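Protein sequences appear in the order of chains A and B.
First residue of the first sequence: 1, per the working numbering; consecutive thereafter.
First residue of the second sequence: 301, per the working numbering; consecutive thereafter.
Heads up: the structure comes next, in structure tokens.
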Amino acid sequence: MSDATLKPPAAATARTIAFPPEAALAPPVGERAPPGRIAGVSSALAGRIAGGNLIGWLVPALIVIVWEALSRIGYLQPNVLPAPSAIVAAAIRLTASGQLPESIGVSTLRALAGFVVGGGVGLALGLANGLSRLSEKLTDTSLQMVRNVPHLALIPLVILWFGIDEGAKLFLVALGVFFPMYINTLHGIRNVDPQLIEMGRIYGMKQGELFWRVILPGALPSIFVGLRYALGIMWLTLIVAETIAAESGIGHMAMQAREFLLVDVVMLSIIIYALLGKAADSIARLLERLSLQWHPAYRK
Amino acid sequence: MAISTAISPRHTVSGPVHAGGSAGPQGGASVTLRGIARAFGDKQVLRRVDLHIPAGQFVAIVGKSGCGKSTLLRLIVGLDQPTDGHITLSGVTAGEEKTAADGVRIMFQEPRLLPWERVRGNVEVGLGRDLPKAERQAVATRTLEAVGLGDRGGEWPSVLSGGQKQRVALARALASGPRLLALDEPLGALDALTRIDMQRLIEKVWSDQGFTAILVTHDVSEAIALADRILVIDQGTIAADLAVSSPRPRHRGDPELAALEGRIIDALFNDQAAGI
Ligand SMILES: Nc1ncnc2c1ncn2[C@@H]1O[C@H](COP(=O)(O)OP(=O)(O)OP(=O)(O)O)[C@@H](O)[C@H]1O
Ligand SMILES: [Mg+2]
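So this is what it looks like as structure tokens:
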């Protein structure tokens, strides 16, 4: 269906697909903006702060301080938006009781399990369909059709099938993660420079060597785009699934706290989700930087 | 004493029985084309090409864009099959289908380096996997030195200039000590000064190693500076076959060479006039 997006005409120039468009090779705006370019700050000071990579934390810190102050003077109601200090206190309380570490563990495990299954199958099918015309003809059309079903729309069906078991969450996460991995892997393989492949052949590389030495490294930047996008989908799917139907995990903790009007715990859950998402992305970016050292865009 | 192998019904190679296989100067391959034709669909690109290139000769092929120079070169190295006629390479060993025969190397306008391998790794691509790793590295380093990049082996290709990348590609082609080096406008993307530099390098390695060289170029003066013999391709055949006998090294601006350049350019354009 959206085959056109998979086969841009100029193989050498189009290195990565945007799936969806915002997932380009370039990191999200702002995250990697060169530091020290804020108007109004004296460049010397900006330079010094940027040296420690602190400037990015300036605004969040300011927000927290103002937030805390507004809570202290009673402008923010604790039952609407609890003070940062109250959230920290909740974190300490729940860590001591063991509920927080357990919930984080359960949610992380779920996320990873779904990711490994869905991402693994996506990668494998992407490679297979990128390398074999027959395999592509056999499966691609069906996959493209399924892709148009938003996976979260399947929640009612999935609950009917699996109840609110682990199986339901695993299935949803795996399904959500599958497509970005599949599409970007396929795209990456398709767009390996054909001149390099011809070069490999001329120099007598056999199929195996050609794959490991030319095709896979050439597809890697695009595969990483898929990986990072898949990680985003992974958390999003998990949050939705855990909030709707779960008996453990962070989403469950948040829903329980909502019943008892523990706004601080709800806020804490949201923040934990954000931190987990950020951690996953940072790990992926580290891997990306390590394995794409040859790429000028990833060199420091 | 020679063994003959048919890569395809239309492409035969024969190599000496005692082909050493290791790197190093081995002399050149000779090339014979008999009645070569190549069509793409209805389009007859090459009609009837008969040609013999003796071992060790430096041949330049010139012709207008789209006349079939690259096609001819790909046929010679075995990357493509003629629709008619027969090609014989002697002094090399057959490769597999769509693989250049052993001892045959081709260089393109683009360096075609693997961006994810270091410069030395890229040169090692030219050596195949049979050699032990340590020996591959040693040969790669030596070949890089020969093209003036001995100290750049550990770098990524992306930090090199266009001319340096093309030197690495040359090193990769030379690493295994080829008997036939086919060059398809290898200097076309380089600036004039770098090009002269590379021309000297190519001439030097050719005279040191004694391989047969076939250079496709747009630049008539480049052909004259380097080649023993210049072939002008037009209308799908060899329209002119000119010997360049001036001694080497040749100097640009030599009146004899300038006269030859005039004759070649005439050959290129008169035929066009005749064809209309
Ligand atoms: N694989 C192919 N399929 C169809 N037509 C082809 C193919 N390869 C070459 N041709 C055609 O054959 C003709 C000669 O192409 P070729 O690349 O050999 O020209 P050339 O002399 O090398 O030109 P240039 O100097 O621009 O590189 C062109 O008209 C081209 O369109
Ligand atoms: Mg050409």
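Ideal placement from N, C-alpha and C gives every residue a C-beta, glycine not left out.
All values derive from a computational prediction rather than experimental measurement.
Taking C-alpha positions only, Ala246/A is separated from Ser85/A by approximately 28 Å. When C-alpha distances from Glu417/B are compared across Asn570/B, Asp566/B and Gly453/B, the shortest belongs to Gly453/B. Thr537/B and Arg334/B have their C-alpha atoms some 12 Å from each other. The bridge partners DSSP lists for Ser330/B are Ser390/B. The closest CA to that of Ala475/B, considering only Ala446/B, Asp451/B and Gln464/B, is found on Ala446/B. In this structure Asp264/A is buried. Its beta-carbon is surrounded by 16 or more other beta-carbon atoms within 10 angstroms. For Lys343/B, the CB stays at least 7 Å from every heavy atom of ligand 2. For Phe358/B, the enclosing beta strand (DSSP E) starts and ends at Phe358 to Gly363.
CA-to-CA, the gap between Ala329/B and Gly403/B works out to about 8 Å. Under the Cβ criterion of 8 Å, Met199/A is counted among the residues facing chain B. Taking 8 Å as the CB threshold, Glu424/B stays off the interface with chain A. Rounded to whole angstroms, the separation of the alpha carbons of Asn184/A and Ile376/B is 38 Å. Here the stretch 517-525 of chain B does not lie against the stretch 463-479 of chain B, with fewer than 3 beta-carbon pairs under 8 Å apart. Of all residues in the stretch 421-454 of chain B, only Val425, Gly426, Gly428 and Arg429 place a beta-carbon less than 8 Å from a beta-carbon of chain A.
For Ser370/B, the shortest C-beta to heavy atom distance toward ligand 2 is below 7 Å. The closest heavy atom of ligand 2 lies less than 7 Å from the beta carbon of Asp484/B. Comparing alpha carbon positions, the residue from Pro156/A, Gly163/A and Pro180/A closest to Arg147/A is Pro180/A. For the pair of segments examined, the stretch 346-359 of chain B was found not to touch the stretch 407-427 of chain B: the number of CB pairs separated by less than 8 Å stays below three. Apart from the 5 residues on each side of it in sequence, Ile197/A sits with its Cβ closer than 8 Å to the Cβ of Leu210, Val214 and Ile215 in its chain, given in chain order. Cβ-Cβ separation between Pro221/A and His295/A: approximately 6 Å, consistent with a contact (criterion under 8 Å). Within 10 angstroms of the beta-carbon of Pro411/B lie 16 or more other beta-carbons, which makes it buried.
Around the C-beta of Ser132/A, fewer than 16 other C-beta atoms lie within 10 Å, and the residue is accordingly described as exposed.
Distance from the CA of Gly200/A to the CA of Ala339/B, rounded to the nearest whole angstrom, comes to 26 Å.
The DSSP-derived three-state label of Leu134/A is helix. Put simply, the CB of Tyr203/A is near chain B, with a gap under 8 Å to one of its CB atoms.
Annotated three-state conformation of Thr237/A is helix, per DSSP. When CB distances to chain B are screened at a threshold of 7 Å, not a single residue of the stretch 84-108 of chain A falls below it. Rounded to whole angstroms, the Cβ separation of Gly426/B and Tyr298/A is 27 Å, and the two are not in contact under 8 Å. Using a 10 angstroms sphere on the CB of Asn422/B, the tally of other CB atoms reaches 16 or more, which defines it as buried.
Separation of the CB atoms of Ser103/A and Met253/A is rounded to 5 Å, and the pair is thereby assigned contact status at 8 Å.
By the neighbour-count criterion, in which a residue is buried when 16 or more other Cβ atoms sit within 10 angstroms of its Cβ, Gly553/B is exposed.
Taking every protein chain shown into account, the CB of Val173/A has 16 or more other CB atoms within 10 angstroms, so this residue is buried. Here the distance from the Cβ of His151/A to the nearest heavy atom of ligand 1 is not below 7 Å. For Phe569/B, the CB stays at least 7 Å from every heavy atom of ligand 1. When only Cα atoms are considered, Asp491/B and Leu483/B end up about 17 Å apart. Among the residues facing chain A, Arg334/B is not included, as its CB has no counterpart in that chain under 8 Å away.
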